[in-house]
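These notes concern the structure reproduced below.
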Amino acid sequence: PKPATPAVIRKLDENVVNKIAAGEVIQRPASALKEMLENSLDAGSTQISVTVKEGGNKLLQITDNGSGIRKEDLAILCHRHTTSKLSQFEDLETISTLGFRGEALCSISFVSHMAVTTMARGAQYGYRVTYKDSEVEAPGPKPVAAVPGTTITVEDLFYNVPTRRKALKSSSEEYGLILDTLGRYAVYSAPGVGFSCRRHGDGRPDISTTAAGSRLDAVRAVYGADVAREVLPLALAAGGGTGPEVPVEGPLGIKLEGLISGANYGSGKKTVLVLFINGRCVECAPLRRALEGVYAALLPKASKPWLFLDLRLPPRQVEVNMHPTKREVGFMHQAEVIEVIRGAVEAKLLASNDSRTFATGA
Ligand code: ADP
Ligand code: MG
Numbered sequence: 031p032k033p034a035t036p037a038v039i040r041k042l043d044e045n046v047v048n049k050i051a052a053g054e055v056i057q058r059p060a061s062a063l064k065e066m067l068e069n070s071l072d073a074g075s076t077q078i079s080v081t082v083k084e085g086g087n088k089l090l091q092i093t094d095n096g097s098g099i100r101k102e103d104l105a106i107l108c109h110r111h112t113t114s115k116l117s118q119f120e121d122l123e124t125i126s127t128l129g130f131r132g133e134a135l136c137s138i139s140f141v142s143h144m145a146v147t148t149m150a151r152g153a154q155y156g157y158r159v160t161y162k163d164s165e166v167e168a169p170g171p172k173p174v175a176a177v178p179g180t181t182i183t184v185e186d187l188f189y190n191v192p193t194r195r196k197a198l199k200s201s202s203e204e205y206g207l208i209l210d211t212l213g214r215y216a217v218y219s220a221p222g223v224g225f226s227c228r229r230h231g232d233g234r235p236d237i238s239t240t241a242a243g244s245r246l247d248a249v250r251a252v253y254g255a256d257v258a259r260e261v262l263p264l265a266l267a268a269g270g271g272t273g274p275e276v277p278v279e280g281p282l283g284i285k286l287e288g289l290i291s292g293a294n295y296g297s298g299k300k301t302v303l304v305l306f307i308n309g310r311c312v313e314c315a316p317l318r319r320a321l322e323g324v325y326a327a328l329l330p331k332a333s334k335p336w337l338f339l340d341l342r343l344p345p346r347q348v349e350v351n352m353h354p355t356k357r358e359v360g361f362m363h364q365a366e367v368i369e370v371i372r373g374a375v376e377a378k379l380l381a382s383n384d385s386r387t388f389a390t391g392a
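As numbered in this note's numbering, residues 31 to 392 make up the sequence shown, in order.
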């Protein structure tokens with residue numbers, strides 16, 4: 031029954047607020063990994079290694095060779111809204127780092143057992159710290175022998191949120207999502223950053239790319255030789271359509287580079303769209319539908335395409351702060367931008383239309 035008199039309004043305890051917010055950013059092991067990968071990339075890492083136990087439910091460990099974290103900052107590292115990346119709201123318009131909200135490590139510390147080992151570049155030794163509910167646990171940072179970079183260990187994710195724990199999929203499905211997340215970054219970041227991901231105790235990694243390897247090497251390592259063999263390079267020409275393999279600025283200030291499966295690629299069971307907008311790994315359902323439409327029209331055998339797209343839009347036209355997970359970005363002129371991309375993909379597919387592909391019976 032609803033109360034007849036007004037209920038009392040109270041301010042929620044800060045810990046409760048943090049726990050609620052944590053569930054928004056960290057939905058499952060793969061979202062924790064995404065945040066930590068982005069931190070490692072923001073720190074300028076060239077090698078990022080991930081170890082996983084039980085689909086990340088038991089253990090998620092990520093080691094990078096980035097800048098490391100200053101000892102002085104360890105006390106507030108996991109506080110809410112502490113960041114080295116943003117200071118003014120206006121900076122969001124042109125922000126180049128993946129992070130800016132200062133929420134991820136805080137959130138993770140509220141729903142797991144978390145340890146950080148870090149050595150700042152140029153420091154004599156490193157430090158190991160464990161965190162609980164955003165605070166350093168006693169006795170505080172302990173000096174350890176280390177190499178420059180950072181290792182973050184996340185254990186027993188959602189140990190204190192049984193409902194969330196129950197909502198997770200099987201270990202192998204969660205691990206699949208982890209590989210999917212890591213694989214996207216491995217392709218985007220090549221060449222320049224090497225990635226590996228292995229199950230704890232396995233000698234062989236499931237994904238392994240090197241910093242020196244080309245983007246095509248990364249595609250082969252992550253998505254397999256069948257994809258790597260069949261992809262066509264895509265680049266947008268100044269007037270739209272496809273053009274030189276060096277991306278130039280097209281209509282609406284768009285720059286587009288990519289790799290897309292061609293007519294001979296037939297093994298895909300569902301569309302894979304690895305989409306980065308201004309360096310952010312995002313989803314865009316209307317673009318996906320438009321691209322599926324192009325392939326469905328040109329390739330009657332209805333095989334699902336594989337596409338990697340690196341899309342650059344004028345930063346001022348992109349809203350990055352749409353959601354705590356940053357899984358989507360908003361951008362201006364969406365319909366027109368999608369149409370330019372659709373047109374470029376279509377033109378590329380038609381241009382590669384040689385005698386053994388589309389010509390038959392058309
Ligand atoms: P954000 O990335 O939005 O700043 P996070 O909670 O993800 O917030 O991280 C907080 C801060 O911790 C970052 O701003 C960064 O300075 C530092 N940090 C986190 N991970 C790393 C890392 N792997 N290497 C170096 N610094 C890191
Ligand atoms: Mg971050």
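Note that CB positions come from ideal geometry on N, CA and C, so glycine has one too.
Taking the Cα of valine 191 as reference, the smallest distance to any Cα among Cys311, Arg58 and Glu287 is reached at Arg58. Around the beta carbon of glutamate 65, 16 or more other beta carbons lie within 10 angstroms, which makes this residue buried.
Counting other Cβ atoms within 10 Å of its Cβ, tyrosine 295 reaches 16 or more and is therefore classed as buried. With a 10 Å radius around the Cβ and a threshold of 16 neighbouring Cβ atoms, aspartate 340 comes out buried.
Those residues that have a beta carbon less than 6 Å away from any non-hydrogen atom of the ligand MG are, in order along the chain, Glu65, Glu68, Asn69, Gly129 and Ala134. Not a single unbroken stretch of the beta strand (DSSP E) spanning 3 or more residues falls wholly within the region 350-384. According to the DSSP assignment, leucine 305 belongs to no alpha helix (DSSP H) but to the beta strand (DSSP E) extending over 302-307. Counting only the Cα atoms, serine 291 lies some 23 Å from glutamate 366. Of Pro178, Met144, Gln118 and Tyr161, the smallest CA-CA separation from alanine 73 is found for Pro178. Note on geometry: alpha-carbon atoms of serine 238 and alanine 248 lie some 8 Å from one another. Here glutamate 54 is exposed, its C-beta having fewer than 16 other C-beta atoms within 10 Å. Inclusion of threonine 160 and glycine 98 in the CB contact set at 9 Å is not warranted, their separation being larger than that value.
Under the three-state reduction of DSSP, valine 47 is assigned to helix.
Less than 9 Å divides the Cβ of tyrosine 205 from the Cβ of glycine 85. According to the DSSP assignment, alanine 134 belongs to the alpha helix (DSSP H) that extends over 134-140.
The beta carbon of threonine 301 sits closer than 6 Å to those of Glu322, Lys334 and Pro335, all from its chain and outside the five residues before and after it, given in chain order. Assignment of glutamate 167 by DSSP, reduced to helix, strand and coil, places it in the coil class.
When the Cα atoms are used, histidine 353 and alanine 175 turn out to be separated by approximately 39 Å. The alpha carbon of valine 312 has as its nearest neighbour, out of Ala326, Arg319, Leu286 and Gly360, the alpha carbon of Gly360.
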